[in-house]
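So for the sequence shown, my numbering puts the first residue at 2; every next one is plus one. Ideal Cβ placement from N, Cα and C applies to all residues, glycine included. One structure below.
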Amino acid sequence: KQWEENQREIITFNTVEDFWALYNHIELASRLAAGCDYSLFKEGVKPMWEDEKNRKGGRWLINLDKKQRGSCLDNFWLEVMLCLIGESFDAESALVNGAVVNVRNRGDKLSMWLCETKPQEAVVKIGNTLKRRLGIDDKVLLGFECHNDTINKTGSTAKSKYTV
Ligand code: MGP
């Protein structure tokens with residue numbers, strides 16, 4: 002199937018209570034089959050590069066190693082979702098469109114999707130907040146990729162526009 006056909010809308014929620022009702026009802030990311038994703042986006046934004054709100058944007062990417070599925074994946078994904086629904090990025094929250102978790106055998110990935118790749122100061126502030134909220138060690142670098150670079154990448158990784 003085409004990638005887009007495999008994206009299924011599950012639910013729209015407006016309250017924290019409804020978020021927890023959903024969260025308590027669905028599988029943890031770590032229990033999904035390899036190849037599956039969860040996406041959580043603001044209402045009206047499709048979790049794809051082509052969406053008008055994503056087209057000029059990019060993502061902060063967190064690459065996990067295989068061992069971290071058991072130790073970090075579910076906690077990190079919950080914290081990423083709580084950052085989104087709690088609008089934890091202050092004035093920069095308007096830049097944030099959503100987040101994705103990719104469950105992959107070669108290493109799971111989490112990403113926070115932004116509607117713009119500029120201004121640098123705001124994008125970097127979001128990256129730093131994300132890193133701090135997840136308790137990621139300073140020595141571990143997170144990269145921000147423009148979707149255009151991800152779309153056109155030739156190898157397994159796209160170049161990073163910023164790192165924190
Ligand atoms: P992926 O699922 O984001 O990552 O993209 P994965 O599986 O780790 O693969 P890798 O390429 O990052 O190593 C896998 C493939 O899904 C992409 O190469 C695209 O073919 C397709 N795809 C992913 N996304 C996020 C999109 C999207 O937004 N739009 C379209 N059209 N295809 C996408």
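1) How would you write the range of the alpha helix (DSSP H) that D150 sits in, first residue to last?
2) Thinking C-beta only, is S157 closer than 8 angstroms to F145?
3) Less than 7 angstroms between the CB of M49 and some heavy atom of the ligand MGP, yes or no?
4) Is S157 near the ligand MGP, judged by its Cβ being under 7 angstroms from some heavy atom?
5) Apart from the five residues just before and just after K126, which ones in its own chain have a Cβ nearer than 6 angstroms to its Cβ?
6) For a test of your reading of the model: does the CB of K140 fall under 7 angstroms from any non-hydrogen atom of the ligand MGP? Yes or no.
7) Does the distance from the CB of G45 to the CB of T118 come in under 8 angstroms?
To lay it out plainly:
1) Taken as a continuous stretch (DSSP letters only), the alpha helix (DSSP H) holding D150 covers H148 to I152.
2) In this structure, F145 sits away from S157, with a CB-CB distance that is not shorter than 8 angstroms.
3) M49: yes, Cβ under 7 angstroms from the ligand MGP.
4) For S157, the shortest C-beta to heavy atom distance toward the ligand MGP is below 7 angstroms.
5) Within the same chain, Cβ atoms closer than 6 angstroms to the Cβ of K126 are found at E93, the five residues on either side in sequence being excluded.
6) Not so, every heavy atom of the ligand MGP lies at least 7 angstroms from the Cβ.
7) In this structure, G45 sits away from T118, with a CB-CB distance that is not shorter than 8 angstroms.
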